[in-house]
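Asks:
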Amino acid sequence: MSVRLLGFVAALIALLATALATGTPIYYLLALVLIMLMLLSLAGVLWALWSIKLEIRGLRPRLTRGDTLTTILNVRHRSLLPVVAVRIQLNVPSAYSTSQEISVSIPPFRTRTYRHVIRCQHRGAYEVGVTRFRARDLFGLFSVSRKSGMRLIKVEVYPRVTTVAPMELRASDVGPELVSRASEDASSPSDVRKWQDGDELKKVHWKLTMRKRELMVRTFEESARPDTLIIPDLSAIAALSDQALTIEDCICEACVSAAQAQLNAGYPVRMPLTCKNPSEIAGQFPQDFPMFLDAMMRVPFDSPYAYEQVLSLMLARMQRTGGAVLVTSKLTTRVADAAERMARSGIRTKLIWVTDSRRTESLEMIERLKMEGVMVEKANPWNEAGYASAETIEGIR
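The opening residue of the sequence shown carries number 106 in our numbering; numbering runs sequentially from there.
(1) As a quick exercise: from 268, 361, 169, pick the residue whose alpha carbon is nearest that of residue 227.
(2) Between residue 285 and residue 331, what straight-line distance do the alpha-carbon atoms span, to the nearest angstrom?
(3) Rounded to the nearest angstrom, how far is the Cβ of residue 360 from that of residue 401, given a contact under 8 Å?
(4) Report the partner residues of residue 205 according to the DSSP bridge assignment.
(5) Return the chain-ordered list of same chain residues with a C-beta closer than 6 Å to the C-beta of residue 443, the five sequence neighbours on each side being excluded.
(6) Within a Cβ cutoff of 8 Å, which residues of the same chain sit near residue 435, ignoring the five residues on either side of it in sequence?
(7) Taking the alpha carbon of residue 203 as the point to measure from, which residue in 182, 473, 225, 458 has its own alpha carbon closest?
(8) Closest to residue 261 by CA distance: which of 269, 229, 495, 344 is it?
(9) Does DSSP put residue 179 in a helix, a strand or coil?
(10) What's the C-alpha gap between residue 136 and residue 243?
(11) Tell me the rounded alpha-carbon separation between residue 308 and residue 481.
(12) Looking at C-alpha atoms only, which residue of 253, 353, 493 is the closest neighbour of residue 158?
(13) Consult DSSP for residue 408 and reduce its assignment to one of helix, strand or coil.
(14) Based on Cα-Cα distance, which residue from 394, 120, 134 lies nearest to residue 369?
(15) Got a sec, what are the start and stop residues for the beta strand (DSSP E) residue 250 sits in?
(16) Please report the Cβ distance between residue 241 and residue 150, rounded to the nearest whole angstrom; I am assuming they are in contact, meaning their Cβ atoms lie under 8 Å.
(17) Out of curiosity, what's the CA-to-CA distance linking residue 398 and residue 410?
(18) Does the segment 116 to 125 come within contact of the segment 211 to 218, defined as at least 3 CB pairs closer than 8 Å?
(19) Would you mind stating whether residue 212 and residue 184 have Cβ atoms separated by less than 8 Å?
(20) What did DSSP end up calling residue 308 once you bin it into helix, strand or coil?
(21) Enumerate, from N- to C-terminal direction, the unbroken beta strand (DSSP E) stretches of 3 or more residues contained entirely within the segment 408 to 495.
(22) Residue 229 bridges to which residues according to DSSP?
(23) Please confirm if the segment 483 to 498 is in contact with the segment 377 to 388, defined as three or more CB-CB distances below 8 Å between the two stretches.
(24) On the CB-based measure, 16 or more other CB atoms within 10 Å of its CB, does residue 347 come out buried or exposed?
(25) Terminal residues of the continuous beta strand (DSSP E) containing residue 332?
(26) In terms of alpha-carbon separation, which member of 161, 110, 494, 166 lies closest to residue 139?
(27) Kindly indicate which residue of 223, 318, 388, 196 has the alpha-carbon position closest to the one of residue 171.
(28) I'd like the span of the alpha helix (DSSP H) that includes residue 395, first residue to last.
(29) Using 8 Å as the threshold, is the C-beta distance between residue 193 and residue 176 below it?
(30) Which residues in the same chain have their Cβ closer than 8 Å to the Cβ of residue 197, if we skip the five residues on either side of it in sequence?
(31) Quick one: what's got a C-beta closer than 7 Å to residue 366's C-beta in the same chain, skipping five residues either side?
(32) Under a three-way DSSP split, which group does residue 345 fall into?
(33) With a threshold of 16 other CB atoms inside 10 Å of the CB of residue 210, please say whether the residue is buried or exposed.
(34) Thinking residue 247 and residue 156 are a contact (beta carbons under 8 Å), I'd like their distance in whole angstroms, please.
(35) Beta-carbon within less than 7 Å of residue 448's beta-carbon, same chain only, minus the 5 sequence neighbours each way: which residues are those?
(36) Since residue 377 sits in a beta bridge, which residues does DSSP pair it with?
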C-alpha cells in the first residue's frame with residue numbers, strides 16, 4: 106500500500122467520522138468523491154494492465170560478447186480510464202541485475218513503438234524477454250503488476266575470437282631431455298618403393314633389393330601430428346562480480362582464439378575443462394571449432410583444484426603433446442615451475458597471463474620463463490578489446 110493511498114484512506118475515515126458526528130451532508134459528499142476516485146483509479150489500473158498487448162522484435166539467439174541488441178517494443182492497451190504509466194520489466198544479460206524496467210506512456214487504443222538497447226557484456230546463456238507489466242494510476246494510489254505470460258527467448262553470448270598466429274609444432278622435436286617424437290611409425294610399414302635421393306640406408310629393403318636387383322625402400326605410416334593442449338585456469342576468481350566475469354571472459358577468449366589458430370594450422374587440439382563437473386573437448390579439423398566455442402561459452406569457473414595441481418596432472422599425460430597453452434590470471438612460482446618443466450621436456454609452451462599487473466617480481470619470473478624458452482603473453486582484461494589487445498612480454502626493460 107502506497108503512502109498516498111494511506112493518506113486517502115485516512116482522509117476518508119476522517120470525513121466519515123466528521124459526517125457522523127455533525128450530520129452535515131457535505132462531508133458525506135466529500136467522502137463519496139474520495140471513494141469514487143479510489144475505485145476509478147483501481148479500475149483504470151486493472152483495465153490497462155489486463156488489456157495491454159506487446160510485441161517485441163530484434164532479439165537474436167546468438168551473439169558475440171560486446172554486441173548490442175536493439176529491441177523494438179510495440180505496446181498498446183484498451184483502457185478508457187487514465188493511467189500515468191505502464192512499466193515493462195525485461196530479463197536482460199547483465200552482471201548486476203537480470204531485470205530492467207522501461208516506463209512507457211500509452212494513449213488508449215493507440216500503438217506506441219519504443220526502442221531499447223541491451224548490451225551483452227559477458228559470455229553465457231541467458232533468457233531474454235518481457236517478464237512482468239506494472240501499471241500506476243494518475244493519482245499514484247495503486248501500483249499493480251502481473252506476469253506477462255510471454256515466452257522468454259534463449260540468447261547465447263559467445264566469447265570473442267581473435268585471429269592470432271598459430272604456435273608452430275614440429276612432428277620430430279628433440280628437447281633437452283632427448284624426448285623423441287618421430288614423424289614416422291617404424292612399427293607400421295605401409296609399402297615399398299624405388300630408391301630416391303635423400304632416402305636413408307636403414308629404410309632399404311635388402312631382400313627385395315637383391316631379388317629385383319635395384320634399391321627398394323620401405324615406407325611407413327606417418328604418425329599423427331602432435332597435438333596442442335590448451336589448459337584454462339577454471340578456479341574461482343577472487344574479485345567483485347563484474348570484475349570476475351570480465352577476467353573469465355578474457356581467459357575464455359584467449360583459449361578459443363588459440364584453439365582456432367591451431368585447428369586452422371592443422372594441429373589437433375585438446376582442452377581439458379577441470380571444473381566441478383570435468384570434461385574434455387577434442388578436435389582435429391577447423392570444422393570442430395564450434396565445439397570449443399560452445400564449451401567456453403558455458404563453462405563455469407568453479408574448479409575444486411588449484412591451477413598448479415591441474416598442471417601437475419597434465420604433465421603425466423603429454424606423451425603425444427607437441428605444444429601447450431596455459432591460460433591463467435594467477436601467475437605464481439608453482440605455475441612458472443610447471444611451465445618450465447613442460448618446456449624442458451621438449452613441449453613448445455606458451456603462457457597467457459590475464460592481468461593488468463606490472464609488478465617487478467612478476468616480470469622477473471617472466472624473464473626466467475623466457476630464458477627456458479616459454480613464450481609469454483599478457484592480456485589486460487580491462488581493455489575494451491580484451492584478449493585482442495594481448496601483447497608479448499619481452500621481459501624486464
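Even glycine gets a Cβ: it sits at the ideal position worked out from N, Cα and C.
The structure displayed is predicted, hence computed values, not measured ones.
Replies: In short, the structure shows the following:
(1) 169
(2) Legend: pLDDT at residue 285 = 40, less than 50; position of this residue unreliable, no value from coordinates given.
(3) 6 Å
(4) 195
(5) 416
(6) 338, 340, 412
(7) 225
(8) 229
(9) strand
(10) 19 Å
(11) 41 Å
(12) 253
(13) strand
(14) 394
(15) 248 to 252
(16) 7 Å
(17) 23 Å
(18) no
(19) no
(20) helix
(21) 426 to 433, 453 to 459, 480 to 484
(22) 262
(23) no
(24) exposed
(25) 332 to 337
(26) 110
(27) 223
(28) 394 to 403
(29) no
(30) 203, 204, 205, 223, 231, 233
(31) 269, 270, 271
(32) coil
(33) exposed
(34) Residue 247 to residue 156, Cβ: 16 Å. No contact.
(35) 454, 477, 478, 479
(36) 385
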